[in-house]
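Written out below as structure tokens is the structure these notes cover.
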Amino acid sequence: MPELLIGWASRDITPSRPVMLKGQWHVRVSTHAEDPLTVTALAFETVGCDEPEQAVLVSCDLLCIPGQLQEKVRDRIRKHLSELNPLKLFLNATHTHTAPEMEEGWYPHPGGNVMTPAEYTDFLVERIAEVVVEAWNGRRTGGVSWALSHAVVGHNRRVTYLSGNSEMYGKTDDPNFDHIEGYEDHTVEMLFTWSPSERLTGLVLNLACPAQTVEGENYVSADFWHDIRKEIRRRHSHDLFILPQCSAAGDQSPHLLLYNRAEADVRKRRGVTERQEIADRVANALDHVFKAAQSEIHTEIPFQHHVETLKLPLRRLSNDDFNKAKEYVRLNEQKSNAPGRLFFEKRVLNRYQMQESPNPPTSCPVELHVLRLGDVAMATNPFELFLDYGLRIKARSRALQTFVIQLACDCALYLPTERAVKAGGYGAEVLVSDVGPEGGQVLVNRTIELINGMWF
41 MPELLIGWAS
51 RDITPSRPVM
61 LKGQWHVRVS
71 THAEDPLTVT
81 ALAFETVGCD
91 EPEQAVLVSC
101 DLLCIPGQLQ
111 EKVRDRIRKH
121 LSELNPLKLF
131 LNATHTHTAP
141 EMEEGWYPHP
151 GGNVMTPAEY
161 TDFLVERIAE
171 VVVEAWNGRR
181 TGGVSWALSH
191 AVVGHNRRVT
201 YLSGNSEMYG
211 KTDDPNFDHI
221 EGYEDHTVEM
231 LFTWSPSERL
241 TGLVLNLACP
251 AQTVEGENYV
261 SADFWHDIRK
271 EIRRRHSHDL
281 FILPQCSAAG
291 DQSPHLLLYN
301 RAEADVRKRR
311 GVTERQEIAD
321 RVANALDHVF
331 KAAQSEIHTE
341 IPFQHHVETL
351 KLPLRRLSND
361 DFNKAKEYVR
371 LNEQKSNAPG
381 RLFFEKRVLN
391 RYQMQESPNP
401 PTSCPVELHV
411 LRLGDVAMAT
421 NPFELFLDYG
431 LRIKARSRAL
441 QTFVIQLACD
451 CALYLPTERA
461 VKAGGYGAEV
471 LVSDVGPEGG
481 QVLVNRTIEL
491 INGMWF
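With this note's numbering, the residue at position 254 of the sequence shown is 294, and numbering never jumps.
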């Protein structure tokens, strides 16, 4: 089998000035940086074979990855790394709600010393390009191993009532409370990289939860991933690279809708924050399987990387959807204290007009990456993908472990399940969803076809 080369690099992407923070309907301007935002790159290449393969995984402490951001990075890479196919590079976001806005139009700029989205994007492209070049040029012979463990981090955040309706972060002490709408996944998928002397050099950690314990604050923060990195490095090595991935988690959150008072009471008595508690759980999950991962290191593995554009059917808007959006815009355009919501309501109007035009778009093109690294499969999607879709992929995959990576390559909004669409509520409604359950199953089926095609 071909020899495997591995390279790592990391950079600080914390803004040097105040920024507009993305993730809420209202405008938030950062007061300070509570902890650093990080971009981490992991490069793989096989050599000594007829068909060498490449991959560069880039994880960012951001809310999402605008498509223009990834394309700008690729354009920069084309100028600096002629030997790297830029299409074999992809970015993913941890989905923190305390990172800078990168797209114009969501919020009115407050003026003053606040960075514009364009200014931060220019800074970000430069830093990401630097980290990719460093990781690629730093490729060295190494090995990989993999393991699965468990840590309670994410919880389903949609509450269903006796009426059959669901609500994101709904009250569970309501007399009409029926159940939590869906499942939650506490697995932590881990990919380890090792030096020739079997020293741990880096980790890919994949778990089904967005980084949102402090999502409403007015400061810059990587959220719980900062604490996870800090705790794992304290236990293992201060120079360890850690690349976070968010699995399918469109209906997940670190917030507890049940047992929240009891959990808060125990944390208070233990003297830890919610973020520190999560970091302890993930670090404990790592320690639980560390010796097993160390016992089976592979320097020669099957390595494949497929990239394609998949067309998913668009979700149709009804006359009622159009009329509701039109009425919201009429009532709020001049006085809205939620410019993010107004932006999306106007977007519904534009979508409806396009849908009713003579030659309407019928599909949403999405970039899809599927990799095989030994017994591990990785599969990307650009959505806030509801958990059930990720579980469908994992259940049908021939790989020993399957890393589903959401919010990669682009920002494609929510992709809810049929159950969620019927129950309604934020995340399931057309306001924040261009692709529905039909498209979700197309995504699942094609992803499985590609993964299983790599396991003959």
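Just so you know, even glycine gets a beta-carbon here, dropped at the ideal spot from N, CA and C. Values in this document were obtained by computation on a predicted structure and should not be read as measured data.
- Taking each of S261, L247, N246 in turn and checking the Cα distance to T253, the smallest one comes out for S261.
- Its chain contains S403, P405 as the residues whose beta carbon lies nearer than 6 Å to that of K351, once the 5 sequence neighbours on both sides are disregarded; these appear in chain order.
- N246 and K364 have their C-alpha atoms some 38 Å from each other.
- With a 10 Å radius around the Cβ and a threshold of 16 neighbouring Cβ atoms, L109 comes out buried.
- Each residue's CA atom was taken as its position, placing L202 and W186 some 43 Å apart.
- Separation of G194 and C286 (C-alpha to C-alpha, rounded to the nearest whole angstrom) is 10 Å.
- Judged by beta-carbon spacing, I53 lies beyond the 8 Å limit of T71, meaning their Cβ atoms are not closer than that value.
- The C-alpha of T233 lies about 13 Å from the C-alpha of I341.
- Rounded to whole angstroms, the separation of the alpha carbons of E478 and L44 is 39 Å.
- By the beta-carbon neighbour count (other beta carbons within 10 angstroms, threshold 16), Q441 is buried.
- Taking the CA atoms as reference points, F343 sits about 6 Å from G414.
- The C-alpha of D361 lies about 42 Å from the C-alpha of I268.
- Look at A378 here: in three-state DSSP terms it is coil, with no helix or strand label.
- Inter-residue distance for W176 and F217 is about 52 Å (C-alpha atoms, whole angstroms).
- Contact between the stretch 371-384 and the stretch 149-160 is absent: fewer than 3 CB-CB pairs across the two stretches fall below 8 Å.
- Taking C-beta atoms as the reference points, T227 and S235 fail to come closer than 8 Å.
- A direct Cα-to-Cα measurement between G476 and P250 gives close to 21 Å.
- Distance from the Cα of R51 is smallest, within the candidate group M60, W65, R57, T80, for T80.
- A buried status is given to P294, since no fewer than 16 other beta-carbon atoms sit within 10 Å of its beta-carbon.
- When secondary structure is reduced to three states using DSSP, F426 falls in the coil class, being assigned neither helix nor strand.
- Look at F281 here: in three-state DSSP terms it is strand.
- Closest by C-alpha distance to N153, out of F163, E111, L82, P58, is P58.
- Segment contact: the stretch 84-101 against the stretch 120-134, three or more CB-CB distances shorter than 8 Å; contact assigned.
- Annotation: the stretch 101-171 contains the following complete segments of the beta strand (DSSP E) (minimum length 3 residues), in chain order: 129-133.
- Ranked by Cα distance from T138, the first of L61, R197, L121 is L61.
- Taking the Cα positions, D263 is about 32 Å away from H346.
- Residues of the same chain with a CB within less than 6 Å of the CB of D428, apart from the 5 flanking positions on each side, are T457 in chain order.
- Of the residues assessed, H409 falls on the buried side of the cut-off, its CB having 16 or more other CB atoms within 10 angstroms.
- Classified as buried, Y368 has 16 or more neighbouring CB atoms from the shown chains inside 10 Å of its CB.
- Scanning its chain for C-beta atoms nearer than 8 Å, with the 5 sequence neighbours on each side dropped, one finds around K366 the residues L389, in chain order.
- Remark: C-beta atoms of A419 and I491 approach each other more closely than 8 Å.
- Collapsing the DSSP output to three states places E489 in a helix.
- The distance from the Cβ of L82 to that of L283 is about 5 Å, consistent with a contact at the 8 Å cut-off.
- According to the DSSP assignment, R309 belongs to the alpha helix (DSSP H) that extends over 300-310.
- Counting only runs that start and end inside the stretch 345-398, the alpha helix (DSSP H) elements of at least 4 residues fall at 359-372, 379-395.
- The criterion of a C-beta distance shorter than 8 Å is satisfied by F384 and L471.
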